[in-house]
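Structure first, then comments.
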Amino acid sequence: MAISHAVINEISDKTSMVDLVSEYTSLRFSGGQYSGLCPFHSEKTPSFSVNEEKKLFYCFGCHKGGNLFQFVMEMESLNFSEAVHYLGQRAGVEILEEKDRQNQSRVGALFDLYAGVTRSFHYLLKETGTGKKALDYLYARGFSDDIIDTFQLGYAPQDPNWLYDFLKKKGYSSDFLAESGLFSRNDSRYPLFRNRLIIPIASTQGRVIAFGGRLLEGEGPKYLNSPETPIFRKSRTLFGLDKAVKAVRSSGRFFLCEGYMDVMALYQAGIPESLAPLGTSFTQDQANLLKRYADRGILLFDNDDAGQAAAAKSIVLCAKSGIETSIAAVAGGKDPADILEKEGGQALQKLLQYTINSLDYLVEKAMARFSAGTPEGKHRILSDLAPFIEAQDSAVKRDGYLGRLSDMLEVNVTALTADLSQKTTPSREVPREQKDPERIGSDLFLMLGAAAYPEHFPFIRQYVNADDLKDARARQLFIILEDAFRRDELDMNAIAQNVDNEEVRGLIFDKAFSGELGPDPKLVLQEALRRVRYGALARRQKDVIRALDRAERNGVSREELKSLLTEKMYLTDELQKLRVRQA
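Each residue of the sequence shown is one higher than the one before, counting from 1 in UniProt numbering.
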């Protein structure tokens, strides 16, 4: 089913590009537009720009750019139709739905599948005797009905045939279900989750993309997660972030826990900024994701060896993303869920009032392992802390930490710096590419400017055509712009997306966002047009002069000679006018 341009325009009109992008990364207004850290790649220096008026985005680092629909397509792994429906729902614009499941994309069908299965699992938990065992477990752990409903918790029954038969009746194909992540890889009819408490895992936007399952009794792993699918990437997903994102953005901080139960316990205790990785260690992608919303993090890990190792790794990953961290010590082998169950929510809130900064935490743990009274021990302590110090994005921070470490170890700062420099690893941040102006001649510069500010193309086309342009890339742009002009669709983003050359497409966005054409692009383009037209006329003048030379040698008709002389006079006159304008 085609979606009308009127609907697309209505969605665009009702959607703030800044508000949309701000759901993924923090933006600041500067220089007439909004900028922030790019949500598509890891960086410490903001290179991502948003133009609210044109509803466009562009990153000078990775060169991704487009409109609000393309932004959502990239962030949420959607096709265009799905992005339109997603933004339409967000903007309150009604769009007729395509009912034919066979015509749905796989991604859209997976979203629908997980949404439906979530509702079914939740119903089995709350409304039937089948889920009583799981419900009693939750109540015993201190969780309220409000938390159970907020997190859409559910129950997967023991029956090995129920889920497959249920979904087949809904019209899903066997092949689709086999690749859905809900069934065993060894037996495509056997459910992955049986007799388990089900914890839905959602994207940042709140769409269920996977499940976690806690075993209630019998043999098997205590926790089980969905495998990765086209809508679920474990290393880039954080449990609870969809619930926490508004509070995290508001407070500028997050609480990182070890597991699902901890997140829900903190949420119930009135701490909504809580989240956790998914049964695996915290990753750099997850740290980068959190940096979009907060500059500070408080880590809550078990105090055993595994918990301490996880905390140390997470501290470094957060530092690499520019996040300041501190540690809330969970003593006595307890975790937040245990504290909620045995001591209540107030005890959890009290726990979080007492934290230690990450440097002190790391030094304390290192000194417990190595003797600070020997040169070898001091060297090992520094080695333990080197990744954390190297990860700092500020020389001032590094110097400050080294100064404090110097006092703690009673070692000269110069010696610490010398040792640390031997361990330093180069940054892997994607650099902001510096454009070489020599690569862009007058022809391409003019057409890039015309594509970035297409409202000026009708004027430009009166004086040049594709044949006047030497650069093949410029000629392609002229043809695309001419086609858009004839269809009365001179839209910058649509023009850019029709360009096959990825580098040229990026250069269009670069011209639109960099401010290179100044406050009045028309003046810059007029001067560029003068240079291009001068070059084209000069080349034509040389051709005419050569034709006259041949005519003198070989002889031509009076009419042909007159035509050449008339054209030469015209070209000479036009070139003189252009020289005067330059002066």
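Virtual Cβ for every residue (Gly too), placed ideally from N, Cα, C.
Nothing here was measured: the structure is a model prediction, and the numbers come from that model.
Using a Cβ-Cβ distance cut-off of 8 angstroms, the region 291-302 and the region 253-262 are in contact, since at least three pairs of beta carbons, one from each stretch, lie closer than that value. Nearest to Leu78 by C-alpha distance, out of Asp112, Lys126 and Gln576, is Asp112.
For Ala202, no alpha helix (DSSP H) run applies; the uninterrupted beta strand (DSSP E) run containing it begins and ends at Arg196 to Ala202, by DSSP. Proximity to Glu376 across Asp500, Lys397, Gly108 and Val411 peaks at Val411, based on C-alpha coordinates.
The beta carbon of Phe445 sits closer than 8 angstroms to those of Ala528, all from its chain and outside the five residues before and after it, given in chain order.
Of the candidates Ala202, Trp162 and Ala210, Ala210 places its Cα closest to the Cα of Glu179. Between the alpha carbons of Gly259 and Val21 lies a gap of roughly 28 angstroms. Only buried fits Leu192, as 16 or more other CB atoms lie within 10 angstroms of its CB.
With respect to the 8 angstroms criterion, Cys62 and Phe80 are not classified as neighbours on the basis of their beta carbons.
Residue environment: Leu565 is assigned as exposed (fewer than 16 neighbouring CB atoms within 10 Å of its CB, all protein chains considered). In the three-state reduction of the DSSP assignment, Arg253 falls in the strand class. By the neighbour-count definition (other C-beta atoms within 10 Å, threshold 16), Met569 is an exposed residue. With distances taken between CA atoms, Ala319 lies nearest to Ala287 out of Glu53, Ala287, Pro454 and Lys342. Taking the Cα positions, Phe239 is about 25 angstroms away from Phe388. Take Val84, set aside five residues on each side of it, and the residues of its chain with a beta-carbon closer than 7 angstroms to its own are Ile3, Ile8, Ile11, Phe69 and Ile95, in chain order.
Glu324 has Arg296 as its beta-bridge partners, per DSSP. When the five nearest sequence neighbours on each side are left out, the beta carbons in the same chain lying within less than 8 angstroms of the beta carbon of Ile323 are those of Ala287, Leu290, Lys291, Ala294, Asp295, Arg296 and Gly297, in order along the chain.
In this structure, the alpha-carbon of Ser16 lies about 11 angstroms from that of Val50.
Here the alpha carbons of Gly213 and Tyr223 stand approximately 6 angstroms from one another. Secondary structure note for Gly403: its alpha helix (DSSP H) is the uninterrupted segment Ala395 to Leu409. Nearest Cα to Asp500 within the set Leu525, Arg473, Gln526 and Ala484: Arg473. The C-beta of Thr25 has 16 or more other C-beta atoms within 10 Å across all chains shown, which makes the residue buried. The region 180-240 contains, as complete beta strand (DSSP E) runs of 3+ residues, the segments 196-202, 208-215 and 223-225 (chain order). CA-CA distance, Asp304 to Ile327, rounds to 14 angstroms. Within the DSSP bridge table, the entry for Ser4 names no partner. A distance below 7 angstroms between beta-carbons, with the five flanking residues on each side excluded, links Leu490 to the following residues of its chain, in chain order: Pro454, Glu455, Phe457 and Ala484.
Between Gly131 and Lys170, the alpha-carbon positions lie close to 22 angstroms from each other. With fewer than 16 other Cβ atoms from the protein chains shown falling within 10 Å of its own Cβ, Ser173 counts as exposed. Between Leu278 and Thr237, the C-beta spacing is below 8 angstroms. Here the C-alpha atom of Asp488 lies approximately 14 angstroms from the C-alpha atom of Ala451.
For Phe29, the uninterrupted beta strand (DSSP E) segment begins and ends at Arg28 to Ser30. Gly206 and Lys243 have their alpha carbons spaced roughly 8 angstroms apart. For Leu78, the three-state secondary structure derived from DSSP is coil. Taking the C-beta atoms as reference points, Tyr139 is found no nearer than 8 angstroms to Ile198. A direct Cα-Cα distance of roughly 27 angstroms separates Pro200 from Ser321.
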